[in-house]
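Report on one structure; see the data block that follows.
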Amino acid sequence: MTFKKLFNIGYALFLLACLLVYFFIPYTYGWVVLVTLAVLFGTYQMIILWKLKQKRST
Numbered sequence: 010m011t012f013k014k015l016f017n018i019g020y021a022l023f024l025l026a027c028l029l030v031y032f033f034i035p036y037t038y039g040w041v042v043l044v045t046l047a048v049l050f051g052t053y054q055m056i057i058l059w060k061l062k063q064k065r066s067t
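Numbering (the numbering used here), first residue to last: 10 to 67.
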């Protein structure tokens with residue numbers, strides 16, 4: 010898979026998770042969950058970039 014395809018899948022899951030948080034998590038805890046989701050998405054991006062760079066170099 011290409012980076013763009015993996016990124017789009019991850020971004021779609023991130024948006025779906027944000028919508029679920031918006032509707033189901035109380036307002037007082039929502040920002041903590043949203044920040045956690047953003048950090049997880051950033052980590053996911055770094056992992057797929059690293060894996061694709063490894064794959065390209067071999």
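Each residue gets a CB set at the ideal place from its N, CA and C atoms; glycine is no exception.
Under the three-state reduction of DSSP output, isoleucine 34 falls in the coil class, being neither helix nor strand.
Fewer than three beta-carbon pairs drawn from the stretch 33–48 and the stretch 13–21 are found closer than 8 Å, and the two stretches are therefore not classed as touching.
The residue from Gly51, Gln63, Ser66 with its alpha-carbon nearest to that of leucine 22 is Gly51. About 7 Å separates the CB atoms of phenylalanine 12 and leucine 58; that is less than 8 Å, so the two are in contact. Under the three-state reduction of DSSP, threonine 52 is assigned to helix.
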